[in-house]
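If you read the protein sequences in the order shown, they are chains A and B.
Position 40 (the first sequence) corresponds to 40 in full-length UniProt numbering; numbering is contiguous.
Position 133 (the second sequence) corresponds to 133 in full-length UniProt numbering; numbering is contiguous.
Glycine residues also receive a C-beta, built at the ideal position from the N, C-alpha and C atoms.
First up is the structure itself, then whatever we jot down about it.
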Amino acid sequence: METPKLATVPEHANLSYTGSSSVNSTEPATEQANNEPHTNSAAHMRPSGRSTLTVSEEEGAATSTSYSFTGSSLAGGNIADLNKSVDAGSAKSEPGLNAETKDATGNSSSDKEHAEESLYECNICLDTAKDAVVSMCGHLFCWPCLHQWLLTRPSRKLCPVCKAAVDKDKVIPLYGRNSTRQEDPRNKVPPRPAGLRTEPEPAPGFPGFGFGDGFHMSFGIGAFPFGFITSSLNFGEPRPAAANRGTTQYEDEQTLSKLFLYLAFLCIGWLLFA
Amino acid sequence: MLKLFKKTKDKIPKSEIITEPKEPKTPPVSKCGKPLQLDNSRWERRLHKELMSLIKEPPPGVTVDTESVQQNLSEWKLNIKGFEGTLYEGEDFQLLFKFNNKYPFDSPEVTFIGNNIPVHPHVYSNGHICLSILTEDWSPALSVQSVCLSIASMLSSCREKKRPPDNALYVKTCNKNPKKTKWWYHDDSV
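Below is the structure:
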């Protein structure tokens with residue numbers, strides 16, 4: 001159940017669907033064409049409701065065009081964008097939702113472009129990857145998207161697509177020819193991480209017995225209750241997170257900790273009554 | 001001698017789930033200590049994209065209730081058909097997807113709604129679904145489409161129509177939001 005068993009979906013499944021007509025836009029095409037190149041990002045922030053859906057529908061009809069120039073590198077793209085959106089606007093009187101059945105009135109080229117461009121879509125935001133990075137497993141992301149995902153689950157840094165391990169230091173930034181700044185996208189978001197700084201070693205009051213450089217040993221006498229306290233209240237030591245409730249590991253840990261608790265009670269009781 | 005050994009607490013009843021009280025979750029914090037700003041237009045844009053591709057190329061047997069989406073982009077109603085040749089042949093189900101503004105980094109909340117909830121070992125009678133990709137195995141590369149496909153596959157591979165063994169208890173005690181449930185995924189067979 002956990003993994004989608006795609007093979008079990010019957011081949012002869014019913015493909016019919018409805019609802020294509022209810023989203024058709026009736027807005028004049030020219031208005032959209034005028035708006036498109038300049039107010040692109042603003043249009044997405046319209047309040048939800050009828051108007052936003054129209055925008056999305058427009059985007060669907062114009063396939064990739066509305067996304068291809070939303071980045072900061074707008075230079076030179078405006079004219080092409082305008083042409084395309086006019087093109088898409090003219091095709092909009094058709095039921096714009098079934099792209100396969102569209103006849104070739106300039107749409108085939110934009111479809112092809114869309115297919116080409118979707119090769120470079122970020123796997124998270126589904127837009128053309130901006131500040132692109134590629135993981136060791138070959139999956140493409142915007143760096144801001146991937147970075148946010150890595151922050152979301154700091155303990156399990158997995159590739160969203162294939163669940164291979166990913167890490168900041170294990171992704172490769174991609175630089176196109178015309179990318180404005182040949183700057184490592186990983187340095188942008190987040191602001192460049194601070195330099196590595198290690199805490200100084202705790203000053204050794206007692207040097208212990210050392211054999212050369214690598215080996216040290218020390219011994220001492222521990223009083224029982226204090227040893228118990230220090231060993232159960234040890235701060236500042238990175239330990240793995242507790243196991244999830246319900247897992248067998250959790251139960252094992254619980255029984256183990258109970259066992260030690262009883263053992264401690266037993267010792268204390270023995271000290272008191274013996 | 002003191003009575004040291006208290007009677008051990010009863011073990012957790014053998015059920016698949018343990019409902020957990022709501023725990024205050026700290027929002028993700030960026031390296032500079034500032035809470036991470038989630039760009040509102042970004043998740044909206046992704047939802048638009050998904051909606052378009054779902055309308056254009058819906059997975060088999062799945063249709064979008066466009067009217068519900070028109071009213072509220074963060075709540076989608078989807079109709080899903082029981083496939084031919086499976087136990088659910090001829091049945092129609094309705095799924096409700098709720099997205100929060102952390103989508104796609106946070107999984108959508110997916111439940112069956114309406115008066116026909118499929119009788120399935122991983123679907124509770126209140127519509128909650130025990131499916132790992134809806135909680136801990138979620139990945140932002142997944143989409144509404146892939147979730148639908150998983151659910152369709154889950155239904156199709158069912159061999160016996162029955163409710164989960166702890167259905168009565170769970171339905172009585174669970175939170176309204178299935179994501180608050182600590183699910184215990186143990187059965188990969190269906």
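Within-8 Å CB hit, residue i to chain A
i: B:Ala-141; result: yes
i: B:His-49; result: The sequence given here places Lys at residue 49 of chain B; His does not occur at that position. Yes, because at least one Cβ of chain A sits closer than 8 Å to the Cβ of B:Lys-49.
i: B:Arg-45; result: yes
i: B:Arg-42; result: yes
Proximal residues of chain A, C-beta to C-beta of residue i below 7 Å
i: B:Pro-104; result: Ile-124
Spatial distance of residue i from residue j (CA atoms)
i: B:Val-69; j: B:Ser-132; result: 25 Å
i: B:Phe-97; j: B:Ser-143; result: 11 Å
i: B:Lys-56; j: B:Glu-50; result: 10 Å
i: B:Glu-109; j: A:Asp-127; result: 23 Å
i: A:His-139; j: A:Phe-260; result: 47 Å
i: B:Ser-125; j: B:Pro-118; result: 8 Å
i: B:Thr-135; j: A:Ser-257; result: 29 Å
i: B:Ser-107; j: B:Phe-99; result: 8 Å
i: B:Met-154; j: B:Gln-94; result: 15 Å
i: B:Phe-105; j: B:Asp-137; result: 12 Å
i: A:Ser-25; j: B:Asn-101; result: Its pLDDT being 41, under 50, A:Ser-25 is placed unreliably in this model, and the coordinates cannot settle the point.
i: B:Lys-179; j: B:Cys-130; result: 10 Å
i: B:Leu-54; j: A:Arg-156; result: 30 Å
i: B:Ser-146; j: A:Cys-267; result: 57 Å
i: A:Thr-247; j: B:Asp-188; result: 15 Å
i: B:Thr-63; j: B:Thr-173; result: 32 Å
i: B:Thr-66; j: B:Lys-176; result: 25 Å
i: B:Arg-46; j: A:Tyr-175; result: 24 Å
i: B:Tyr-103; j: B:Leu-73; result: 12 Å
i: A:Thr-255; j: B:Val-171; result: 29 Å
i: A:Tyr-120; j: A:Asp-252; result: 47 Å
Proximal residues of chain B, C-beta to C-beta of residue i below 7 Å
i: A:Pro-160; result: Ser-139, Pro-140 and Ala-141
Sub-8 Å separation of residue i and residue j beta-carbons
i: A:Val-133; j: A:Trp-149; result: no
i: B:Ala-168; j: B:Pro-59; result: no
i: B:His-122; j: B:Thr-111; result: no
i: B:Asp-92; j: B:Lys-77; result: no
i: A:Cys-125; j: B:Arg-42; result: yes
i: A:Pro-200; j: B:Ser-139; result: no
i: B:Glu-75; j: B:Phe-83; result: no
i: B:Lys-161; j: B:Leu-87; result: yes
Cross-chain neighbours of residue i in chain B, by beta carbon under 8 Å
i: A:Thr-128; result: Simply none; closest approach about 11 Å.
Opening and closing residue of the beta strand (DSSP E) in which residue i lies
i: A:Phe-141; result: 140-142
i: B:Trp-183; result: 181-183
i: A:Val-171; result: 171-173
i: B:Ile-133; result: No beta strand (DSSP E) contains B:Ile-133, which DSSP labels as neither H nor E.
i: B:Asp-92; result: 92-98
i: B:Ile-113; result: 109-113
Chain A residues whose Cβ lies nearer than 8 Å to that of residue i
i: B:Arg-159; result: Going along chain A, no residue has its Cβ under 8 Å from B:Arg-159, so there is no contact; the nearest lies around 11 Å.
is_contact[residue i, chain B] using C-beta, thresh 8 Å
i: A:Gln-148; result: yes
i: A:Phe-260; result: no
i: A:Asp-81; result: Because A:Asp-81 carries a pLDDT of 41, less than 50, the predicted location of this residue cannot be relied on, and no value is offered for it.
Extent of the continuous alpha helix (DSSP H) run through residue i
i: A:Ala-132; result: Segment 132-135 is the beta strand (DSSP E) holding A:Ala-132; no alpha helix (DSSP H) there.
i: B:Glu-75; result: Segment 75-81 is the beta strand (DSSP E) holding B:Glu-75; no alpha helix (DSSP H) there.
i: A:Glu-251; result: 248-273
i: B:Leu-169; result: 167-173
i: B:Thr-66; result: 66-71
i: B:Val-144; result: 144-156
Residue-chain proximity (residue i, chain C), Cβ-Cβ < 8 Å
i: B:Asn-175; result: Structure shown: chain C not included; protein chains present are A and B.
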